[in-house]
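One structure is given below, encoded as structure tokens.
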Amino acid sequence: MSYIAVWGLIVSKQLSVMWMGLRGFPRIQGGVEIHAENICPILVELGCDVHVITRSTYQHKDVGESWRGLHFHNLWSPRSKTLEAMLHSLVAVLYAGLINRPDILHIQSMGPAFWTPLARLLGLKVVMSTHGIDYERDSWGRLAKIVLQAGEFFGMRCSNASIVISKRLQQHNFDKHHAQSALVPNGVTLPELPSSIDSLQQFGLQPEKYVLLVSRLVAEKRHLDLIEAFRLAHLPDEWKLVIVGASDHPNAYTHSVLEAIEKTPNVLCTGFQSGLSLSELFAHAHLFVLPSSHEGMPIAMLEALSYGLPVIASDISANVEIDLPEEQYFPMGDAVALAEKIRDFVGRPLSLEDREARRAWVAQRYDWNDIAQRTLDVYQGVMGKR
2 MSYIAVWGLI VSKQLSVMWM GLRGFPRIQG GVEIHAENIC PILVELGCDV HVITRSTYQH
62 KDVGESWRGL HFHNLWSPRS KTLEAMLHSL VAVLYAGLIN RPDILHIQSM GPAFWTPLAR
122 LLGLKVVMST HGIDYERDSW GRLAKIVLQA GEFFGMRCSN ASIVISKRLQ QHNFDKHHAQ
182 SALVPNGVTL PELPSSIDSL QQFGLQPEKY VLLVSRLVAE KRHLDLIEAF RLAHLPDEWK
242 LVIVGASDHP NAYTHSVLEA IEKTPNVLCT GFQSGLSLSE LFAHAHLFVL PSSHEGMPIA
302 MLEALSYGLP VIASDISANV EIDLPEEQYF PMGDAVALAE KIRDFVGRPL SLEDREARRA
362 WVAQRYDWND IAQRTLDVYQ GVMGKR
């Protein structure tokens with residue numbers, strides 16, 4: 002074989018990428034999971050050989066080993082809040098380094114990044130993505146926060162490149178680690194707006210007569226603030242507050258939220274929803290509220306905007322970075338101020354023109370195709386192809 006032919010084979014070799022540090026997808030709640038579910042199939046379309054390591058306790062068996070051109074590797078994982086991510090990530094790094102040998106190992110989040118030095122010792126090129134400053138989350142104890150800080154330290158110092166989903170995280174990495182990180186935000190795909198209302202009928206809802214929150218039942222989402230604000234808003238009886246989501250590891254906070262829902266009139270929790278059911282709940286809501294104390298970059302808010310919904314959000318930096326009008330933010334933790342905002346926005350009609358304007362605005366700024374290409378640019382930089 003001639004030198005030119007050999008060189009052509011080398012140049013045209015498909016870039017193999019393995020993602021780890023997430024539970025799995027599709028139909029699994031979580032920002033990292035939604036991020037991966039949208040980007041990975043587009044990376045396949047861009048010519049990558051994409052593999053995703055999933056956790057056996059989460060990945061749906063009916064999905065199979067292949068989905069939209071990518072390949073799943075379903076590895077053992079304990080069902081434990083404190084040990085799950087760390088032990089599964091160790092197994093994942095060993096599997097990637099000793100068996101699969103991808104060109105790029107893409108580690109998601111700080112906890113799994115704890116094993117970045119091991120991945121490098123095994124000869125892998127590593128890209129680390131930061132989706133939030135995880136040790137700032139309310140749901141972690143002191144020891145877990147120390148481990149997460151160690152994961153951030155090892156990931157930032159041992160990876161070949163780093164990615165962040167927000168400008169705030171980019172600045173954080175520069176200030177704390179003197180590191181340059183590529184900004185690759187979350188995105189949206191403009192959905193079709195369903196006219197069906199089967200899920201509304203299931204939960205006893207009327208179109209445009211409910212306030213919506215979609216999130217996991219974890220402390221940093223501050224559901225109790227929203228429930229209290231809804232009570233203080235004193236809306237007419239036909240209005241409801243709908244909380245969509247569940248907890249992977251139910252704890253005292255989960256129980257306090259469910260207890261508050263049970264005690265507060267016109268508040269309900271649907272549990273985790275996906276597919277058409279979730280789409281209907283988004284499409285027929287009047288208002289979306291995100292009262293959280295911590296976010297990386299709120300995918301749920303982007304999804305709400307993609308359905309044309311007005312959004313009220315706490316004034317934390319990750320939410321403010323989305324750059325909504327100032328009137329749509331409230332002081333985080335202030336239930337009285339949130340109640341006033343809810344009353345105000347519930348009293349405003351939802352026009353088709355306003356909804357389409359929001360959809361166009363968010364689609365232009367947060368397009369998954371552009372985001373996937375920016376991810377590929379990082380990979381190519383690591384491989385020395387740019």
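Take any residue in the sequence shown, count from 1 to its spot, add 1: that is its number in the numbering used here.
Here a beta-carbon is modelled for each residue, glycine too, at the ideal position from N, C-alpha and C.
Query, Result
"Minimum C-alpha distance to Arg1 - residue among Trp77, Phe26, Met87", "Because the chain here runs from 2 to 387, residue 1 falls outside it and cannot be looked at."
"Same chain, Cβ closer than 8 Å to Pro79, neighbours up to 5 away in sequence not counted", "Thr58, Glu85, Leu88, His89"
"Between the CA atoms of Ala305 and His285 - distance to the nearest angstrom", "11 Å"
"Contact belief for Ser315 with Val363 at Cβ below 8 Å, rounded distance in angstroms", "Going by Cβ atoms, the distance from Ser315 to Val363 rounds to 19 Å, so no, they are not a contact pair."
"Closest by C-alpha distance to Ile43, when choosing among Ala97, Leu377, Leu225", "Leu377"
"Whether Val127 touches Ile108 by CB criterion (8 Å)", "yes"
"Identity of the residues DSSP links to His52 by a beta bridge", "Met19, His72"
"Member of Gln60, Ser294, Leu76, Tyr380 whose CA lies at the smallest distance from the CA of Asp335", "Ser294"
"Distance between Glu263 and Val383 (C-alpha atoms, nearest Å)", "52 Å"
"Between the CA atoms of Tyr330 and Val321 - distance to the nearest angstrom", "8 Å"
"Beta-carbon proximity of Leu400 to Thr131, cut-off 8 Å", "The first residue shown for the chain is 2 and the last is 387, placing residue 400 beyond what the model contains."
"Rounded separation between Ile29 and Val185 - CA only", "22 Å"
"Alpha-carbon spacing of Trp240 relative to Asn267, whole angstroms", "7 Å"
"Reduced DSSP category for Asp135 - H, G, I as helix; E, B as strand; rest coil", "helix"
"Whole-angstrom distance between Pro208 and Arg349, CA atom to CA atom", "15 Å"
"Unbroken beta strand (DSSP E) run spanning Ile323, endpoints", "Counting along the chain, Ile323 falls outside any beta strand (DSSP E), and DSSP gives it neither H nor E."
"Alpha-carbon spacing of Leu325 relative to Arg366, whole angstroms", "12 Å"
"Boundaries (first-last residue) of the beta strand (DSSP E) holding Ser140", "Note, Ser140: premise wrong, no beta strand (DSSP E); not H, not E."
"Cβ-Cβ separation, Ala120 to Met157 (assumed contact under 8 Å), whole Å", "Going by Cβ atoms, the distance from Met157 to Ala120 rounds to 14 Å, so no, they are not a contact pair."
"Secondary structure of Lys168, DSSP reduced to three states", "helix"
"Distance, Thr190 Cα to Trp369 Cα", "7 Å"
"Gly390, buried or exposed, once every other Cβ within 10 Å from all chains shown has been counted against 16", "With the chain running from 2 to 387 in the structure shown, residue 390 is simply not present."
"Entirely enclosed beta strand (DSSP E) segments - the segment 247-333, minimum 3 residues", "268-272, 288-291, 312-315"
"Host beta strand (DSSP E) of Val215 (start-end)", "211-215"
"The segment 144-160 contacting the segment 197-214, beta-carbon criterion three pairs below 8 Å", "no"
"The segment 208-228 contacting the segment 238-256, beta-carbon criterion three pairs below 8 Å", "yes"
"For Asp378, the three-state DSSP class (helix, strand or coil)", "helix"
"heavy atom of the ligand ADP below 7 Å from Pro292 C-beta", "In the structure on display, the ligand ADP does not appear, and there are no ligands present to speak of."
"Residue burial classification, Ser182 (beta-carbon count within 10 angstroms, cutoff 16)", "buried"
"From His36, Ile372, Leu310, residue whose alpha carbon lies closest to that of Arg359", "Leu310"
"CB of Ile40 within 8 Å of CB of Ile317, strictly", "no"
"Three-way DSSP call (helix, strand, coil) for Ile372 in this model", "helix"
"Alpha-carbon to alpha-carbon, Phe231 and Ser17", "49 Å"
"Supposed contact pair Gly32 and Ile323 - C-beta distance, whole angstroms, cut 8 Å", "Not really, about 14 Å apart at Cβ, beyond 8 Å."
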